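**Student:** Sequential numbering from 99 applies to the sequence shown in the working numbering.
Using N, Cα and C, we set each Cβ at its ideal position, and we do this for glycine too.
Given the structure is predicted, the values throughout are model-derived calculations rather than measurements.
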Amino acid sequence: MCNQHYNQDIEQLFTNNLAWVDKINRKTPEFFSNLSNQQTPEYLWIGCSDSRVPANELVKMDPGTIFVHRNIANLVNSSDMNVLSVIQYAVEVLKVKHIIINGHYGCGGVQAAMNESNPDLIDHWIRPIRKYYQRSKNELNKLSMTDRIDQLCEINVIEQVRNICHIPAIRKAWKSGQALAIHGFIYDIKDGRLHNLNITVDNIDEADKIVSRNNDI
């Protein structure tokens, strides 16, 4: 038998859902009937699982407009079948025009990459970020701890933009002439502002250039 407190917590979710449905129906009566027909998002959002970083709310977009994948520290890992499947579906089936890698300052996953005492699975997951940290350690260690973490958060986003350029579905789309751009954004939880890191790739030649620059580091 579940604790009554747990039941109340769960029931609150359903209460909130009904209130949300009622609000939407009053504002736009045909909203759900239109939404149920088909999803045609123009954006794939790859973000962090952090509960404080909700994709649609950040950019004030309705359900059905953004296809979303989230994981710890917004990683695009070539061994992660989940993110690879999401990307392939978004590009080849939904035909999204933009893929956004969205990190956030103060990311716990990024911070964990600077520590040695993490649970085993988490430590394995964030291993790529540890490599980014080691590569930039001399410069990062000149900064305060807060600035160090935030700078590494930006580096991580940029690296994920580079990583996604390797994915076959992305390269196939570019080779076929499909309109597709990859962007790197970062969110500041302290003030709610979304920032463009001004790294955008929209063709295979530019993708190869940034991958080459990365390999030279």
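Give me the DSSP bridge partner(s) of A279.
**Tutor:** Position 181 of the sequence shown holds residue 279. According to DSSP, which records beta bridges pairwise, A279 is partnered with H196.
**Student:** Shortest alpha-carbon distance to H222 belongs to which of Q232, Y230, G206 and A211?
**Tutor:** Taking the sequence shown and counting its residues from 1, the one referred to as residue 222 is at position 124. Taking only the C-alpha atoms, the option nearest H222 is A211.
**Student:** Got a sec, what are the start and stop residues for the beta strand (DSSP E) T298 sits in?
**Tutor:** Position 200 of the sequence shown, counted from the start, is the residue given in the question as residue 298. From DSSP, the beta strand (DSSP E) with T298 extends over R291 to V299.
**Student:** What does H202 pair with, by DSSP beta-bridge criteria?
**Tutor:** In the sequence shown, residue 202 corresponds to position 104, counting from 1. H202 pairs with Y285.
**Student:** Can you list, in chain order, the residues of its chain with a C-beta nearer than 7 Å to that of I302? Leave out the 5 residues immediately preceding and following it.
**Tutor:** Looking up residue 302 in the sequence shown gives position 204. Taken in chain order, the residues that qualify are R269, W272 and K273.
**Student:** Under a Cβ-count criterion, where at least 16 other Cβ atoms within 10 Å of its own Cβ denotes burial, should D314 be classed as buried or exposed?
**Tutor:** Taking the first residue of the sequence shown as position 1, residue 314 is located at position 216. In this predicted model, D314 has a pLDDT of only 42, less than 50, meaning its place in the structure is not dependable; the value taken from the coordinates is given anyway. Exposed, because fewer than 16 other Cβ atoms sit within 10 Å of the Cβ of D314.
**Student:** Between the segment 140-149 and the segment 114-132, do at least 3 Cβ pairs fall closer than 8 Å?
**Tutor:** no
**Student:** Please list the terminal residues of the continuous beta strand (DSSP E) segment that includes V151.
**Tutor:** The residue you call residue 151 lines up with position 53 of the sequence shown. That residue, V151, is in no beta strand (DSSP E); it is neither H nor E in DSSP.
**Student:** Once DSSP output is grouped into helix, strand and coil, what is the label at N180?
**Tutor:** Your numbering for residue 180 matches position 82 in the sequence shown. It is helical.
**Student:** By the DSSP assignment, the alpha helix (DSSP H) with I227 in it spans what residues?
**Tutor:** Taking the first residue of the sequence shown as 1, we reach residue 227 at position 129. Here the alpha helix (DSSP H) through I227 covers R225 to L238.
**Student:** Count the other CB atoms, across all protein chains shown, that sit within 10 Å of the CB of Y104; report buried if there are 16 or more and exposed otherwise.
**Tutor:** For this step, residue 104 is matched to residue 6 along the sequence shown. With fewer than 16 Cβ atoms within 10 Å of its Cβ, Y104 is classed as exposed.
**Student:** First and last residue of the alpha helix (DSSP H) that includes N261?
**Tutor:** One-based indexing of the sequence shown puts residue 261 at position 163. Here the alpha helix (DSSP H) through N261 covers M243 to I262.
**Student:** Since V166 and A153 are thought to touch, with beta carbons under 8 Å apart, how far apart are those beta carbons, to the nearest angstrom?
**Tutor:** In the sequence shown, residue 166 corresponds to position 68, counting from 1. In the sequence shown, residue 153 corresponds to position 55, counting from 1. About 5 Å; that satisfies the 8 Å criterion.
**Student:** Can you tell me where the alpha helix (DSSP H) holding I164 begins and where it ends?
**Tutor:** Taking the first residue of the sequence shown as position 1, residue 164 is located at position 66. First-last for I164: I164 to N169, but that is the beta strand (DSSP E), not the alpha helix (DSSP H).
**Student:** Can E190 and A277 be called in contact, C-beta distance under 8 Å?
**Tutor:** By one-based count along the sequence shown, residue 190 stands at place 92. By one-based count along the sequence shown, residue 277 stands at place 179. No, the Cβ-Cβ distance between E190 and A277 is not below 8 Å.
**Student:** Hey, quick one: how far does the alpha helix (DSSP H) through R274 stretch, first residue to last?
**Tutor:** Along the sequence shown, read from residue 1 onward, the residue named residue 274 stands at position 176. Position check: residue 274 holds Ser in this sequence, whereas Arg was assumed. No alpha helix (DSSP H) holds S274; DSSP gives it neither H nor E.
**Student:** When the distance is taken between beta carbons, is I280 closer than 8 Å to V255?
**Tutor:** Counting from 1 along the sequence shown, the entry for residue 255 is found at position 157. Counting from 1 along the sequence shown, the entry for residue 280 is found at position 182. Their beta carbons are not under 8 Å apart, which means V255 does not touch I280 by this criterion.
**Student:** According to DSSP, is L142 part of a helix, a strand, or is it coil?
**Tutor:** By 1-based counting over the sequence shown, the position of residue 142 is 44. Correct three-state label for L142: strand.
**Student:** Tell me, please, whether the segment 196-207 touches the segment 127-145 by the rule of three or more beta-carbon pairs shorter than 8 Å.
**Tutor:** yes
**Student:** Does DSSP classify A117 as helix, strand or coil?
**Tutor:** Counted from its first residue, the sequence shown places residue 117 at position 19. Looking at A117 - three-state DSSP - the assignment turns out to be helix.
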